[in-house]
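Written out below as structure tokens is the structure these notes cover.
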Amino acid sequence: RAHTDEVKDTPYECGMLPEGAGSTRMSVKFYLIAMLFILFDIEVVFLYPWAVVYKEMLAESGGLILACMLSFLGILLVGYVYAIKKKAFDWKR
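According to our numbering, the sequence shown is numbered sequentially starting from 88.
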């Protein structure tokens, strides 16, 4: 790099003097909530196809399909209860 100095290395902020650090730290809580959102969002992705074809497959093996989906929802419910008990949704911590 040819001619560098402190003024050239500072970020440009629309003609205003820079205040504070260039980047701030994100709370770990944000990442936890984002991961929980993705987890339960993927749940909906798995539930939608089941709900669409359930009526058509009801005649063939409706009881088995319903039992499989209820066990899937049960596992997700256990995960949700675990997240509540660990206070994952408590913003004040």
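For each residue, glycine too, the CB sits at the ideal point set by N, CA and C.
In this structure, the CA atom of VAL131 is about 15 Å from the CA atom of ALA121. In this structure, DSSP gives MET113 a state outside helix and strand, which the three-state scheme calls coil. Annotation for ASP96: the continuous alpha helix (DSSP H) segment containing it runs 93-96. CA-to-CA, the gap between THR97 and MET103 works out to about 12 Å. Taking C-beta separations shorter than 8 Å and ignoring five residues to either side along the sequence, the partners of GLY149 in its chain run TYR141, following chain order. The beta carbons of LEU126 and ALA175 sit no closer together than 7 Å. Rounded to the nearest whole angstrom, the C-alpha separation of ILE152 and ALA146 is 11 Å. Taking 7 Å as the cut-off, the beta carbon of TRP137 is found closer than this to the beta carbon of MET156.
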